[in-house]
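Student:
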Amino acid sequence: MLEPNHFIDLQRNEESFEDPRSWLSQDQDYSSSNSHPNNNNNRDGNFDRVLFRNLVEMVPLVESLMKDRRPNASYSRRASLTYTRTPSRDSFPKKITDPKGRRTAQTNPSKKHRDFGGNDLSRNMSRDREGACADDFSIFSSRSLAVEKDREELIKLQEQVEDLRKKLEEKDDVLKIAENSLNQMSSVHVKLDELKRQVVEKDSILKTTHLQLSNAKIKLADTQAALEKLEWEAMTSNRKVEKLQEDLGSMKDEIAAFTRLFEELAKSDSTTYAQEKNTHRFPLDGLPQIEPISEIDMQKMEEARRAYVAAVAAARENPSEESLAVAAKARLKLQAFAFGPNNTNVGNENGSQILRNAP
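Per full-length UniProt numbering, the very first residue in the sequence shown carries number 1; after that it's consecutive.
Next up, the structure:
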């Protein structure tokens, strides 16, 4: 945006350097051409102070113009300037214009000096000098206005460049902020995905825990049912035990009655048993005469009685063949002690009758 304008300014500056009517060439020609008139002016005392003051005031403008022509570091492109010295004014005829803008005919100072004399020559030289100064001033003023305009445009362009640079920096900052926000959003999405994964894992763990809890509840219900069943079985067992204890008590009473009967039979003689055989509940016709029993035999018979009572209780609780066989053996042993070895058959018949009649 700035490079074409800068190139145009350089072209303008080159044209100003190459312009044969520039104020530099005119100043040089003026100094060269006025070398002789100055002598005349010094001699005549006709020195133009207004022109000198104007030239002194032009010096700062020329210096500022030369400074503006230096290369600027903000431009990326550079152009080379070729300075060619302007030709002297002696190489081409002079054009003299009066202050009103009318051009006068070309004059030859030597001819005028010959024709009109020294006074006319000095007047013509002063007029020529005033016209040249007016031309130079008009050209310089137009150039200075163009330079000022170019400078203003350059300042505006620099301001626009600065504004664009600031806007570009602001956009860069906005882009950086957007990039940071995008990075933060990506990190947040990553964390969110991680949290979702953890939630899914915890949900699966919770489901497995609920399943295990339901299985544990089922097992607990089964255990409670088994416990209730065991309690019921224990209750029934206790009832059976109570019933067996009652039966055992009745058996003990029967065995005690049998024992008392055996003792009475041992003490009484045979005649007493014969007389009272019709009054007794059990027939005692086949009973032999019982010999007196010693204490040792009584202890053995008591042990046999206890074994028989225990066998009968076991047979009632579990009426199997083995328990019945054990009860029969205990009964035979008790009969052997009660009736003797010779009367075992009679004892068996009486014992079976006693068992049938027992409650």
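Backbone N, C-alpha and C fix where the C-beta goes; we use that ideal spot for every residue, glycine too.
Are R305 and L334 closer than 7 Å when you measure CB to CB?
Tutor: yes
Student: Quick check on DSSP: helix, strand or coil for D247?
Tutor: helix
Student: Among V147, R49 and F52, which has the Cα closest to the Cα of L61?
Tutor: V147
Student: So the alpha helix (DSSP H) D297 belongs to, where does it begin and stop?
Tutor: E295 to E317
Student: Taking the CB atoms as reference points, tell me whether F337 and K300 lie closer together than 7 Å.
Tutor: yes
Student: My output table needs one value for M320: the three-state DSSP class, helix, strand or coil.
Tutor: In the sequence as displayed, the identity of residue 320 is Ser instead of Met. Here S320 sits in coil by DSSP.
Student: Could you check how far apart the C-beta atoms of V326 and M251 are, in whole angstroms? I think they sit under 8 Å.
Tutor: About 15 Å separates the two Cβ atoms, so there is no contact after all.
Student: Would a C-beta distance cut-off of 7 Å place L248 and A313 closer than the cut-off?
Tutor: yes
Student: Would A216 be called buried (16 or more neighbouring beta carbons within 10 Å of its own) or exposed?
Tutor: exposed
Student: Can you grab the Cα-Cα spacing for the pair L145 / L65, in whole Å?
Tutor: 11 Å
Student: Does R331 pass the burial test, meaning 16 or more other C-beta atoms within 10 Å, or should it be called exposed?
Tutor: buried
Student: Please check the pair E322 and L244, which I expect to be a contact at CB under 8 Å, by giving their CB distance rounded to whole angstroms.
Tutor: So it is not a contact: roughly 18 Å between Cβ atoms.
Student: Determine the DSSP secondary structure at S144, reduced to helix, strand or coil.
Tutor: Helix, per DSSP.
Student: Rounded to whole angstroms, what is the Cα-Cα separation between E57 and V50?
Tutor: 11 Å
Student: Please classify A311 as buried or exposed, where buried requires at least 16 neighbouring CB atoms within 10 angstroms.
Tutor: Per the 10 Å Cβ criterion, buried.
Student: How many angstroms separate the CA atom of R260 from the CA atom of A328?
Tutor: 22 Å
Student: Indicate, with yes or no, if the ligand FMN has a heavy atom lying under 6 Å from the CB of A328.
Tutor: You won't find the ligand FMN in this model; it holds no ligand whatsoever.
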